[in-house]
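One structure is given below, encoded as C-alpha cells.
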Amino acid sequence: MADTLLLPVVAAAILDGEGRCLVQRRPVDKEHGGLWEFPGGKVEPGESPEAALAREIAEELQVTIDAPVPLAFASEARGPRHLLLLLYRVERWTGTPRPLAGSILRWCRPAELPGLAMPPADRPLADALIAGSGKNAAHG
Ligand SMILES: Nc1nc2c([nH]c(=O)n2[C@H]2C[C@H](O)[C@@H](COP(=O)(O)OP(=O)(O)OP(=O)(O)O)O2)c(=O)[nH]1
Numbered sequence: 000m001a002d003t004l005l006l007p008v009v010a011a012a013i014l015d016g017e018g019r020c021l022v023q024r025r026p027v028d029k030e031h032g033g034l035w036e037f038p039g040g041k042v043e044p045g046e047s048p049e050a051a052l053a054r055e056i057a058e059e060l061q062v063t064i065d066a067p068v069p070l071a072f073a074s075e076a077r078g079p080r081h082l083l084l085l086l087y088r089v090e091r092w093t094g095t096p097r098p099l100a101g102s103i104l105r106w107c108r109p110a111e112l113p114g115l116a117m118p119p120a121d122r123p124l125a126d127a128l129i130a131g132s133g134k135n136a137a138h139g
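If you count the sequence shown from 1, position 32 lands on 31 in numbering that gives the first Met the number 0, and the numbers rise without skipping.
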C-alpha cells in the first residue's frame, strides 16, 4: 500500500563464549513494557542498519560491537506503520553490558528463550537463533 510507513528497527543477539544471548526487559512505561527483547532500536533517517545497531548498542548497553551478521528478520503490520525488525548475530563485542535505567539485562541460554515473554515479532527471531545455535553446536 502506498501509504504504509515503514518502521525499520535493528536488534542484536549478543552472544557470550558459552552461546548465551543477552536479552533486555523493556521499561514498563514503554510500548511492550515489561517484555524481553533483543537490545536495539529504530534506524534513523539517513543511517545504515549496521550504524544504527552500533549506535543503539553503545547507547543502551555501553558495549562496542564488531562485525554483526544478519540472522533473521520479522515483518509485521503495526497499525498505520509496518515494522521491519532486523536481527543480527553479534559474537564480537567489547565492554561490560550495563542496563539503562528502568531496564533489566539477562544472559539467556537458547533453550530458555521460548519461556520468555517477548513481543510477537520476536518469537520467530528467537526460533531462528535457537535453530542456529543447535546447528553450531552440532558442528562443534
Ligand atoms: N529494540 C527492539 N525493539 C523491538 C523488538 N521487538 C519489537 O517488536 N520491537 C519494537 C518495539 C518498538 O516499537 C520498536 C523499537 O523501539 P525502541 O523504543 O526500542 O526504539 P528506540 O531505542 O529508537 O527508542 P525511542 O528513541 O523511540 O524511545 O520495535 C526487539 O527485539 N528489540
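Just so you know, even glycine gets a beta-carbon here, dropped at the ideal spot from N, CA and C.
Coil, strand or helix - residue i by DSSP
i, result
"residue 40", "strand"
"residue 74", "strand"
"residue 110", "helix"
"residue 121", "helix"
"residue 54", "helix"
"residue 69", "strand"
"residue 7", "strand"
"residue 21", "strand"
"residue 130", "helix"
Whether residue i touches residue j by CB criterion (7 angstroms)
i, j, result
"residue 26", "residue 101", "yes"
"residue 103", "residue 24", "yes"
"residue 83", "residue 74", "yes"
"residue 94", "residue 68", "no"
Beta-carbon proximity list for residue i, same chain, < 7 angstroms, skipping 5 on both sides
i, result
"residue 118", "31, 34 and 36"
"residue 127", "70 and 71"
Residue i to residue j span [Cα, whole Å]
i, j, result
"residue 88", "residue 99", "21 angstroms"
"residue 15", "residue 81", "32 angstroms"
"residue 107", "residue 114", "10 angstroms"
"residue 5", "residue 41", "11 angstroms"
"residue 53", "residue 121", "20 angstroms"
Contacts around residue i, its chain only, beta-carbon distance under 6 angstroms, and the 5 residues preceding and following it disregarded
i, result
"residue 85", "9, 48 and 72"
"residue 132", "18 and 109"
Cutoff 8 angstroms; reference residue i; Cβ partners in own chain excluding five residues on either side
i, result
"residue 116", "33, 34 and 35"
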